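Worksheet: the structure to be examined is printed underneath.
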Amino acid sequence: MCCSRAQGGLRTLQPRKAPRGTNGAFHKMGWMKTKAQKEKEAKEAKIREKNRYYMLWKSDDVPEGKGRDIIPAPKMKLPGHAESYNPPPEYLFTENEKVQWKTQEEEPYKRKHNFIPQKYKSLREVPAYKKLCYGAIRALHGSPPCSSGEKNAPYHSA
1 MCCSRAQGGL RTLQPRKAPR GTNGAFHKMG WMKTKAQKEK EAKEAKIREK
51 NRYYMLWKSD DVPEGKGRDI IPAPKMKLPG HAESYNPPPE YLFTENEKVQ
101 WKTQEEEPYK RKHNFIPQKY KSLREVPAYK KLCYGAIRAL HGSPPCSSGE
151 KNAPYHSA
């Protein structure tokens with residue numbers, strides 16, 4: 001053997017010891033693929049990717065609806081100066097106005113406010129509103145009906 005690393009001539013090459021048909025076995029096992037097989041697999045992958053998303057319940061030809069018709073809950077009116085814990089003096093009731101307010105119990109819809117405005121030194125002194133749920137329910141009674149037959153009806157506030 002030679003001490004240099006120079007490659008020898010053509011006569012140093014050994015003939016192939018593996019049988020000629022090993023590449024065919026690789027193709028059969030699927031380890032190697034021909035160009036035609038690779039192109040075919042690429043086309044199939046493209047079709048699979050295209051059909052990856054589909055409609056579960058309807059056909060793809062039907063256009064999608066614009067979504068649910070949501071009827072928003074009516075917004076409560078913002079509190080005014082009379083509902084403040086420290087209202088200006090012109091919003092506080094005088095004795096005559098208190099008597100008039102109490103006489104309208106038979107016809108509460110004629111009242112200017114559904115409460116008597118009171119003045120407190122700080123917000124901590126304000127008691128809890130006893131009729132909070134009652135007021136919210138009363139506000140919701142004016143909301144439009146939500147049955148499936150009437151959901152497209154126009155909303156008319158009274």
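Heads up: the sequence shown at position 52 corresponds to 52 in the UniProt record's numbering, and the numbers run straight through without jumps.
Note that CB positions come from ideal geometry on N, CA and C, so glycine has one too.
As the structure is a prediction and not an experimental result, all values here were calculated from the model.
Beta-carbon proximity list for residue i, same chain, < 7 Å, skipping 5 on both sides
i      : result
Ala-82 : Tyr-91, His-113, Pro-117
Pro-87 : His-81, Pro-117, Lys-119
Lys-43 : none
Lys-98 : Ile-116
Run of the alpha helix (DSSP H) containing residue i, from where it starts to where it stops
i      : result
Ile-47 : 35-50
Asn-96 : 95-103
Residue i versus the options, residue with shortest Cα-Cα distance
i       : options                         : result
Arg-124 : Thr-94, Ser-84, Pro-88, Pro-108 : Ser-84
Other residues of its chain near residue i: CB distance less than 6 Å, five sequence neighbours each side excluded
i       : result
Val-126 : Tyr-85, Tyr-120
8 Å CB neighbourhood of residue i in its chain, flanking five on each side removed
i       : result
Ser-122 : Tyr-85
Gln-104 : Lys-110, Arg-111
Gly-30  : none
task = Determine contact between the region 68-82 and the region 125-144, defined as no fewer than three beta-carbon pairs at a distance below 8 Å.
result = Yes: at least three Cβ pairs fall under 8 Å.
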